[in-house]
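Chains as they are written, first to last, in the numbering used here: chain A, 1 to 315; chain C, 316 to 857.
Cβ atoms here follow ideal geometry from the backbone N, Cα and C, with glycine treated the same way.
Structure follows, in structure tokens:
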């Protein structure tokens with residue numbers, strides 16, 4: 001409070017510029033977004049179909065592969081979700097600064113946003129894939145983070161770009177055992193400095209699942225757990241369960257069948273979408289995302305057990 | 316001979332130390348510290364050269380028996396009747412030892428350096444550095460008031476090394492270097508420029524530290540000594556042998572100033588406390604360590620630095636010392652000082668795992684991997700959604716917890732490199748290593764469909780059928796599964812950086828990458844090695 005009064009006094013004496021006024025005249029803030037409590041699946045049709053407008057923040061979401069032969073986890077879609085979540089965080093950070101009229105000297109402070117944690121060597125995505133968002137920044141198509149260097153003359157003289165890519169805000173953890181993997185997931189979820197956690201999850205009990213859900217709810221971090229298809233029949237307290245299967249396509253990019261097997265408290269289940277990597281268009285650049293190619297309801301009964309909403313009470 | 320030129324700075328003094336058998340001396344000291352101590356009469360260090368094992372370094376006794384560097388080891392064995400102690404030449408160890416000695420020499424002058432040729436050499440090229448460049452130089456300029464008589468100091472230093480070092484004191488760095496290497500008595504003191512010219516006449520040209528090509532050229536025309544060189548007019552030398560010889564001559568005589576590439580001593584950050592009476596229980600030991608840690612953090616904070624690694628040395632009443640290391644990679648010292656709970660949770664399991672034979676009498680805590688602390692601005696208003704200080708403290712706590720429980724190698728950060736080779740374009744480094752800061756050196760950007768989401772650690776060989784010259788495979792066999800390919804794109808050629816001479820000799824060659832889809836819809840990233848025409852699977856969009 002004292003600081004605010006002191007700053008106001010300085011502004012009144014014309015010894016300090018009011019950055020918010022200068023900003024509103026000089027720069028057009030990026031699109032105002034409401035602080036919604038969900039992570040986007042990068043396809044608006046899927047986001048709109050979900051009651052929270054995406055994957056609920058502060059919850060555990062499970063992704064199952066269907067591929068018995070391929071030992072790698074279904075990583076591409078969760079990675080895109082994490083990349084999009086990071087980008088949304090940056091935009092919120094920037095909007096918040098501009099709305100509140102904050103100014104900071106860019107050379108004195110790094111961008112301070114929560115970290116994305118990748119637990120398990122198998123789910124460490126290729127850095128060059130993660131760098132795809134950086135591609136847009138590097139080529140000048142996307143500028144999510146411009147920080148103003150204000151001067152005592154009251155003019156915004158220059159902008160300074162910092163490395164805000166998800167790679168710079170990622171932590172890669174390689175636990176040596178399954179037990180330590182579960183410990184690392186719980187520890188990361190309980191930390192208030194983690195926004196999204198992507199982990200290759202070993203088999204765990206119902207109690208562990210419940211504990212993870214509670215920890216995520218308490219801390220506000222979101223867990224995207226990549227699980228083996230063999231675990232798909234076991235009960236869990238995850239907020240949503242998804243099944244990802246490769247889908248043959250005539251497009252030039254990989255496609256998958258994304259099936260929502262269960263969404264707690266919504267009654268939605270067994271809804272499928274065919275999604276693929278959005279090809280990059282140099283004339284209309286956009287953030288790396290999925291595109292919807294087809295939607296259809298799955299008629300076959302889900303192999304997953306019924307939701308266990310009655311067993312968990314949030315809040 | 317030319318008349319001695321007027322000197323601009325007549326009060327400079329350099330002391331050069333040269334150790335002709337440094338590597339074998341280090342080995343000898345190592346053997347003497349063994350239990351029981353070993354005192355071999357002849358020490359020979361070897362190196363591998365193609366299929367031969369050659370002598371790299373030999374001790375004085377071995378040299379006296381006719382064993383010399385680059386001699387075949389079998390021949391060296393035949394030269395002497397004494398038994399040889401043989402071990403591989405380890406230049407990195409010897410360089411480290413020389414730097415340690417140079418640090419010790421800082422007591423004579425603040426300007427001490429190891430020979431520049433040795434300092435700048437990469438690790439791989441250390442073995443090829445001539446033994447002449449394994450020396451130490453001390454700039455004694457301005458220390459007359461402390462040492463009184465510099466000639467006497469040279470005598471003292473020479474006697475300290477008991478004949479293993481050749482010492483020269485001269486008004487120029489180059490002259491001191493040359494006299495210590497090539498002057499016959501092991502101790503040379505040149506106290507004036509006139510004496511410098513007199514004594515320099517008998518030195519060989521190599522004492523000027525010029526390239527061997529220039530020495531060969533001068534030898535061809537009969538110029539063998541510096542005295543011969545000084546007889547010629549300078550401009551004729553420059554025309555025939557280039558400017559390098561004139562620069563070296565100027566540095567030798569003091570016409571061109573030359574400075575020692577000095578080493579910087581590392582400041583020790585440590586705190587030691589004796590306990591009387593000794594600490595009997597682990598809870599009191601933990602409390603003592605936390606107290607010491609807090610004091611150390613305050614002193615670090617005052618210097619605007621923080622440490623990534625701490626080492627505890629606990630000495631019990633039986634004089635047994637246990638050393639344990641713990642890492643706190645991301646914690647600002649001020650935050651850590653306040654967060655006693657966090658530091659207790661880190662130190663408690665470490666102390667409880669230790670076993671003491673008695674009570675603890677002394678604890679030493681030292682800080683390592685010191686990095687400058689950059690102050691962070693906190694949020695202006697309390698309702699700011701991202702309070703940077705809180706977020707950073709939480710982040711630091713998380714990293715410390717991971718490092719303590721999982722080990723420092725299990726917590727990594729990625730760095731990007733500017734190369735097109737996929738497996739070389741990034742590296743994972745431990746979060747607490749000095750290189751752990753995120754670095755993207757203008758790395759090559761790609762779109763998501765250009766690079767797979769999962770890159771295999773090592774490309775896996777596959778069996779394929781593909782039409783030449785550049786059609787994608789029609790089927791592949793990977794991990795004993797035959798996959799029918801329905802579509803594919805490519806090739807996209809990635810080649811080694813042919814413009815880089817160092818990488819040109821590596822076995823890498825051109826690769827033609829294809830993006831292919833099998834009949835189940837899985838997408839793979841495969842390549843053909845254009846040298847061996849073998850196929851590999853390198854990644855996939857899982």
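Chain C contact for residue i (CB, 7 Å cutoff)
| i | result |
| --- | --- |
| residue 215 of chain A | no |
| residue 281 of chain A | no |
| residue 226 of chain A | no |
| residue 233 of chain A | no |
| residue 46 of chain A | no |
| residue 143 of chain A | Below a pLDDT of 50, predicted positions are generally treated as unreliable, and residue 143 of chain A, at 44, falls in that range; no measurement from the model is reported. |
| residue 288 of chain A | yes |
| residue 34 of chain A | Confidence is the limiting factor: at residue 34 of chain A the pLDDT is only 39, short of 50, which leaves the residue's position unreliable and the question unanswerable from this model. |
Cutoff 7 Å: residue i Cβ touching any chain A Cβ
| i | result |
| --- | --- |
| residue 829 of chain C | no |
| residue 798 of chain C | no |
| residue 761 of chain C | yes |
| residue 838 of chain C | yes |
| residue 852 of chain C | no |
| residue 607 of chain C | no |
| residue 533 of chain C | no |
| residue 332 of chain C | no |
| residue 706 of chain C | yes |
| residue 611 of chain C | no |
Contacts of residue i in chain A (Cβ-Cβ under 9 Å)
| i | result |
| --- | --- |
| residue 808 of chain C | The premise fails here: residue 808 of chain C is roughly 17 Å from chain A at the closest Cβ pair, so nothing lies under 9 Å. |
| residue 790 of chain C | Result: empty, since nearest Cβ-Cβ is about 15 Å, beyond 9 Å. |
| residue 727 of chain C | 124, 171, 172, 173 and 174 |
| residue 737 of chain C | 126 and 128 |
Neighbouring residues, chain A, relative to residue i (Cβ below 7 Å)
| i | result |
| --- | --- |
| residue 709 of chain C | 191, 192 and 193 |
| residue 834 of chain C | 248 |
| residue 515 of chain C | Residues of chain A passing the Cβ test: none, with the nearest at roughly 53 Å. |
| residue 740 of chain C | 128 |
| residue 716 of chain C | 187 |
| residue 743 of chain C | 172 |
Those residues which DSSP pairs with residue i across a bridge
| i | result |
| --- | --- |
| residue 259 of chain A | A:243 and A:272 |
| residue 723 of chain C | Looking at the DSSP assignment, residue 723 of chain C forms no beta bridge with any residue, so it has no partner. |
| residue 585 of chain C | C:681 |
| residue 639 of chain C | C:627 |
| residue 490 of chain C | Bridge partners of residue 490 of chain C: none, in fact. |
| residue 267 of chain A | Partner(s): none; residue 267 of chain A has no beta bridge. |
| residue 290 of chain A | A:277 |
| residue 839 of chain C | C:831 and C:855 |
| residue 118 of chain A | A:172 and A:198 |
Segment limits, beta strand (DSSP E) that includes residue i
| i | result |
| --- | --- |
| residue 300 of chain C | What is shown of chain C runs 316 to 857, which leaves residue 300 of chain C out entirely. |
| residue 684 of chain C | 675 to 687 |
| residue 796 of chain C | 796 to 809 |
| residue 761 of chain C | From DSSP, residue 761 of chain C is part of no beta strand (DSSP E); its letter is neither H nor E. |
| residue 481 of chain C | 481 to 485 |
| residue 427 of chain C | 427 to 429 |
| residue 62 of chain A | 60 to 65 |
| residue 569 of chain C | Run containing residue 569 of chain C: none; DSSP gives neither H nor E here. |
| residue 451 of chain C | 450 to 454 |
| residue 663 of chain C | That residue, residue 663 of chain C, is in no beta strand (DSSP E); its alpha helix (DSSP H) goes 655 to 668. |
N- and C-terminal bounds of the alpha helix (DSSP H) containing residue i
| i | result |
| --- | --- |
| residue 347 of chain C | 337 to 347 |
| residue 770 of chain C | No alpha helix (DSSP H) holds residue 770 of chain C; the beta strand (DSSP E) holding it covers 769 to 781. |
| residue 510 of chain C | 508 to 515 |
| residue 502 of chain C | No alpha helix (DSSP H) contains residue 502 of chain C, which is instead part of the beta strand (DSSP E) from 502 to 504. |
Chain A residues whose Cβ lies nearer than 8 Å to that of residue i
| i | result |
| --- | --- |
| residue 521 of chain C | Per Cβ cutoff of 8 Å: no residues; residue 521 of chain C is ~50 Å from chain A at best. |
Neighbour list for residue i in chain C, Cβ cutoff strictly below 9 Å
| i | result |
| --- | --- |
| residue 73 of chain A | 769 and 857 |
| residue 86 of chain A | Ordered by position in chain C, no residue passes the 9 Å Cβ test against residue 86 of chain A, which lies about 14 Å from the chain. |
Amino acids of chain B, ordered along the chain, whose beta-carbon sits closer than 9 Å to that of residue i
| i | result |
| --- | --- |
| residue 252 of chain A | Absence of chain B from the displayed structure is noted, the protein chains being A and C. |
Closer than 6 Å: residue i CB and nearest the ligand ADP heavy atom
| i | result |
| --- | --- |
| residue 832 of chain C | This structure lacks the ligand ADP; in fact it carries no ligand of any kind. |
Contact list for residue i against chain C, beta-carbon separation under 8 Å
| i | result |
| --- | --- |
| residue 277 of chain A | 763, 764 and 856 |
Amino acids of chain C, ordered along the chain, whose beta-carbon sits closer than 7 Å to that of residue i
| i | result |
| --- | --- |
| residue 49 of chain A | Near residue 49 of chain A there are no residues of chain C at all, since even the closest Cβ is about 23 Å away, more than 7 Å. |
| residue 114 of chain A | 706 |
| residue 76 of chain A | 768, 856 and 857 |
_Give the list of continuous alpha helix (DSSP H) stretches no shorter than 4 residues that lie fully inside the region 162 to 240 of chain A._
178 to 190 and 206 to 219
*Any chance you could list the alpha helix (DSSP H) runs of at least 4 consecutive residues sitting entirely within the region 338 to 421 of chain C, in chain order?*
375 to 379, 388 to 394 and 406 to 419
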